[in-house]
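Below is one structure, written out as structure tokens; the observations come after it.
In the numbering used here, the protein residues as written are 46 to 514.
Right, here's the structure in full:
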């Protein structure tokens, strides 16, 4: 099929076989054809009727649509689209040039019937950069990647909270596609500024996108042929939607809040349950708020429980000491001088409130903490002035307040106790003893016992215990 005999002329309107349904109908009166320029197409190349040219352009577009996935070079398709658009818009100015007619003949004819088959340039291969971007995107989750960049962003605004485009941590977007995605990302370029992330989720394209699938198919064809205009337009909305979706996901997960200590909303929630949520109550003792937040579930109860205190201490000193708590430890409750009995004045009623002396025996004012340590090094760390002692004091009085006296007893295995050597192992009051008698190595020896004192009221730590008291 070639030549003018194979063309579709006005009046020969066959039944359309495609979706375009372009039909050339005969007109009662045809306008005079325009005069072709002397340097234009010869007369025998075909009629110059604008109506014919309009229908000719429609047929070209129709044929090119069916050949969009065929062997045509993208540049050829682009030139064909430009020429047919010009014919549709200005039919009185355009003429069917020889190359345009030859192109149409090649579209509607079998290549086997052509004397000289049309030359089809090979499609350009993907650039190494694009292939590298696709390889870099394999096996990476979208939210995990965004969390990584947000964690290392320093003082820049978090994703979804930037007010200016230049403050964006990543350049988000989506390439058009049709198949069900095998992963979250299509392309990833960490070397770009900002890093480029092309996701296959939470966008307009694909089988789960907002646009109809036939729209995605057409846009994907444009994208493959180098026309990325619509994709760039859709990225304006896609990027913002992906940022806000990640922001919602991140705000709902405690681990992502932990990446930003100055903006950790989850830690604020936990500390507020314990009365330390405001800025004035943060970091007021030797125990970091991060460790304190991990004990929120145990410390939130209004009733003070020895079991909860034992669990908190065992959790914090795991691997260093075994903790036991002894309740109802007898102690002497001393009275102020003005609270003592005075005959004829106060506290002098027999059988009710009269007592003798300046103190009274009580079993509800003191508890005893037994710490069984396995090494002599851990023993020294629990002595006053050492880090473990500061943490122990902070946890105990933060939970109990100042309502109880606390006595601390440290226990050591017998083999860990060595005889005192001046300048080496001797510490008067803490570790200065003769060599213990040989015996069971698992036997524990009571090494020392002392009262665990809270910080003085004028110390910055003291105010941290007022809540529990």
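Where a beta carbon is used, it is the ideal one built from N, C-alpha and C, also for glycine.
- Taken in chain order, the complete beta strand (DSSP E) segments of 3 or more residues contained in the stretch 387 to 430 are 404 to 407 and 411 to 418.
- Residue burial is scored here from C-beta neighbours: residue 456 has at least 16 other C-beta atoms within 10 angstroms and is therefore classed as buried.
- Contact between residue 380 and residue 344 is absent: CB atoms are separated by about 32 Å, not below the 8 Å threshold.
- DSSP places residue 493 in the strand class (E or B) of the three-state scheme.
- Judged by beta-carbon spacing, residue 289 lies beyond the 7 Å limit of residue 349, meaning their Cβ atoms are not closer than that value.
- Here the stretch 245 to 255 does not lie against the stretch 311 to 327, with fewer than 3 beta-carbon pairs under 8 Å apart.
- For residue 378, the enclosing beta strand (DSSP E) covers residues 376 to 379.
- The beta carbons of residue 329 and residue 374 sit about 29 Å from each other, so the pair does not count as a contact at 8 Å.
- Residue 221 is bridged by DSSP to nothing; it lacks a bridge partner.
- For residue 249, no alpha helix (DSSP H) run applies, since DSSP gives it neither H nor E.
- In this structure residue 383 is exposed. Its beta-carbon is surrounded by fewer than 16 other beta-carbon atoms within 10 angstroms.
- Beta-bridge partners assigned by DSSP to residue 178: none are found.
- A contact between stretches requires three or more CB pairs, one per stretch, nearer than 8 Å, and the stretch 277 to 293 fails this requirement with the stretch 222 to 232.
- Each residue's CA atom was taken as its position, placing residue 326 and residue 336 some 15 Å apart.
- With a beta-carbon spacing of about 19 Å, residue 218 and residue 192 fall beyond the 8 Å limit used to define contacts.
- Within the same chain, and ignoring the five residues on either side of residue 452 in sequence, the residues whose Cβ sits closer than 6 Å to its Cβ are 413 and 496.
- Note on residue 197: under 16 other CB atoms within 10 angstroms of its CB, so exposed under the neighbour-count rule.
- Under the 10 Å beta carbon count, residue 340 is surrounded by 16 or more other beta carbons and is classified as buried.
- Counted as a single uninterrupted DSSP element, the stretch harbouring residue 233 is not any alpha helix (DSSP H) but the beta strand (DSSP E) occupying residues 230 to 234.
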